[in-house]
Amino acid sequence: MMMVSLNLPERIRQDFPILQRKVHGKDLVYLDNAASAQKPLAVIEGQREYLANYHANIHRGAHHLAQLATEAFEGARGKIAAHIGAAHTEEVIFTGGSTDAINLVAQAWGRANLTSGDTVLVTRMEHHANIVPWQMVCAEKGAKLVPVNVLEDGTLDLDDYASCLERHQPKMVGFVHASNTLGTINPVAEMCAQAKAAGALTLVDGSQALPHLNIDVQAIDCDFYVATAHKAYGPTGLGFLYGKKSQLESMPPWRGGGEMIESVSFEGTTFNGLPHKFEAGTPHISGGIAFGIALDWMNGVGTDNISHHETHLVKHAHAALGTLKGLRIIGTAPNKVGVVSLVVDGLHPYDLGTLLDGQGMAVRTGHHCTEPLMQHLGLESGTLRMSFAAYTTREEIDRAVIALDRAIKMLR
Ligand SMILES: Cc1ncc(COP(=O)(O)O)c(C=O)c1O
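For the sequence shown, the residue numbers in the working numbering are 158 to 569.
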């Protein structure tokens, strides 16, 4: 049941110690959540608790602390699997984040499966993390990387998508679930079905979807899904790769070392089963445990409530920003996560961002790691981006709009 979310920030803001602080003498207004969200106390305490009370390396110890740490870390894997609707816990591989997860697929799957003349299809709205790893493996294998067009309003050109599938017969298709620059939510289940019908595998970059949307990888029916913990109220340097068991089993390992092996000798090495085959070395144990706690926190609040709240915030921000002269919102797709990018005629986003910072407001300016998208939209100086989280209030957006108005008048 969806709860009315108007009072959501009121209920949860006290969970976030950082929201009490001042920046340049002003109350912090944190609108940079697409870059990284703030952490609830439960996540901070959970990480501290592990480090203070049961730190040990996992999996290989017979002693009590090793067992406690292993249970907590593997428990977190189970929480991720349940959260995204994976059929099997071992389909979840811990990685260093989304970037690391995409590199894993590009290297392990790509090097084994791509050959000269093959195509990998991505979209023009991808983060660099879903472009560069493919460029690297395509260059090595003589394959080509083809982008699908994005329309003026920031939606994906689905006609071009269908046409690219038909014309290029790609082996792999990669696309964002939600764009970090435009906020656009892509119809990922339909896109996966189309790709599958064309004989391609699919990788969905869920970095911006995990903090805002319910995710069901079986309903999406993707082959791979990646996300990063720090945008979903968890720690940095930690994320996951979900892969269908059959795909992961057929892929060779990528990184070699401890943990990912079954036995090692100079005559030859055999590899561990899933998920450990792809997890060489000691992982980010405290991060994994804290990520599990972040998902518990999100589930306690209710992802539906967060989505609902952020949809209201986006509508409110669009309406309020629309009153400022010379301001253009970049990305007006009907379905958006809490991301609002904008440009102001004749003004550099960085100058505006700096003036907002002076008022205690954290926004991001630049290309947001989507340079090809910026080139496509003719926005070489990038945009100013406000991005929201469960704790963002309408009042904060109103304050940012007033501050932006003042900044525009100062710079004109
Ligand atoms: C859409 C998208 N993909 C990938 C990433 C990379 O995430 P990470 O740096 O945590 O690997 C980001 C981060 O901004 C993102 O927004």
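We treat Cβ as the ideally placed atom computed from N, Cα and C, and that holds for glycine. Quick caveat: nothing in here was measured; it's all calculated off a predicted structure.
Return helix, strand or coil for F423, following the three-state DSSP convention.
coil
Excluding sequence positions up to five away, which residues of its chain have a Cβ less than 6 Å from the Cβ of I463?
A547
Strand pairing of F545, partner residues [DSSP]
Paired residue(s): none; F545 is not in a bridge.
Do three or more CB pairs link the region 468 to 484 to the region 420 to 440 at distances below 8 Å?
no
Quick check on DSSP: helix, strand or coil for S336?
In this structure, S336 counts as coil in the three-state DSSP scheme.
For the alpha helix (DSSP H) that T393 lies in, which residues bound it at each end?
No alpha helix (DSSP H) holds T393; DSSP gives it neither H nor E.
Would you grab the beta carbon distance between I487 and L313 for me? Rounded to a whole angstrom, and I think it's under 8 Å.
In fact, because the Cβ distance is near 15 Å, the residues do not count as touching under 8 Å.
Nearer than 7 Å: is that true of the beta carbon of A286 relative to any heavy atom of ligand 1?
yes
Quick one: residues in its chain with C-beta nearer than 8 Å to the C-beta of H369, no 5 flanking neighbours on either side, listed in chain order?
A335, T460, I463, S464, E467, V494, G495
Chain-order list of residues whose beta-carbon lies under 7 Å from that of A447 (same chain, five-residue window excluded)
V200, G203, Q204, G391, P392
Would the beta-carbon of D189 be found less than 7 Å away from any heavy atom of ligand 1?
No, since every heavy atom of ligand 1 falls outside the 7 Å radius drawn around the Cβ of D189.
Inter-residue CB distance, G523 and G539 (contact presumed, cutoff 8 Å):
4 Å
G254: beta carbon under 7 Å from a heavy atom of ligand 1?
yes
Could you pull the start and end residues of the beta strand (DSSP E) that P304 belongs to?
301 to 305
Boundaries (first-last residue) of the beta strand (DSSP E) holding Y507
No beta strand (DSSP E) holds Y507; the alpha helix (DSSP H) holding it covers 506 to 515.
Among the candidates H473, P327, V501, whose CA atom is the shortest distance from the CA of A355?
Residue P327 is the option with its Cα nearest to A355.
Proximity winner among S273, N190, V307, relative to E297 (alpha-carbon distances)
S273
Helix, strand or coil for R485, going by three-state DSSP, please let me know.
strand
Taking the alpha-carbon of G535 as reference, which of N456, E248, L308, L405 has the nearest alpha-carbon?
L308
Cβ-heavy atom distance, G396 to ligand 1, below 7 Å:
yes
Cutoff 7 Å; reference L208; Cβ partners in own chain excluding five residues on either side
S443
Determine the direct distance from the alpha carbon of P197 to that of Q171, and round the result to whole angstroms.
9 Å
Boundaries of the beta strand (DSSP E) in which F381 is found, first to last residue:
381 to 385
Should S364 be labelled buried (16 or more other beta-carbon atoms within 10 Å of its own) or exposed?
buried
Considering only heavy atoms of ligand 1, does any lie closer than 7 Å to the CB of A447?
Because no heavy atom of ligand 1 lies under 7 Å away, the Cβ of A447 does not count as near it: no.
When DSSP builds the beta bridges, which residues end up paired with V500?
R485
May I ask you to report which of helix, strand or coil DSSP gives Y318?
helix
Taking the runs of the alpha helix (DSSP H) that are 4 residues or longer, which of them lie wholly in the region 434 to 464?
442 to 458, all fully within the region 434 to 464.
Pull up the distance between the alpha-carbon of G425 and that of G413, whole angstroms please.
13 Å
When you compare only the Cα positions, how much space is there between P166 and M531?
32 Å
Going by C-alpha to C-alpha distance, which of M567, L513, V333, V279 sits closest to L185?
L513
Does the Cβ-Cβ distance between F381 and G400 come in under 8 Å?
yes
Mapping DSSP to helix, strand and coil, what is A258?
In this structure, A258 counts as helix in the three-state DSSP scheme.
Less than 8 Å between the beta carbons of I561 and D508, yes or no?
Residue 561 is actually Leu in this sequence, not Ile. In this structure, D508 does not lie closer than 8 Å to L561 by Cβ.
For N492 versus I372, is the C-beta distance shorter than 8 Å?
no
With 16 as the cutoff for other CB atoms within 10 Å, does M159 come out buried or exposed?
Residue placement at M159 is poorly supported in this model, since its pLDDT is 46, which falls under 50; the coordinates are not used for a value here.
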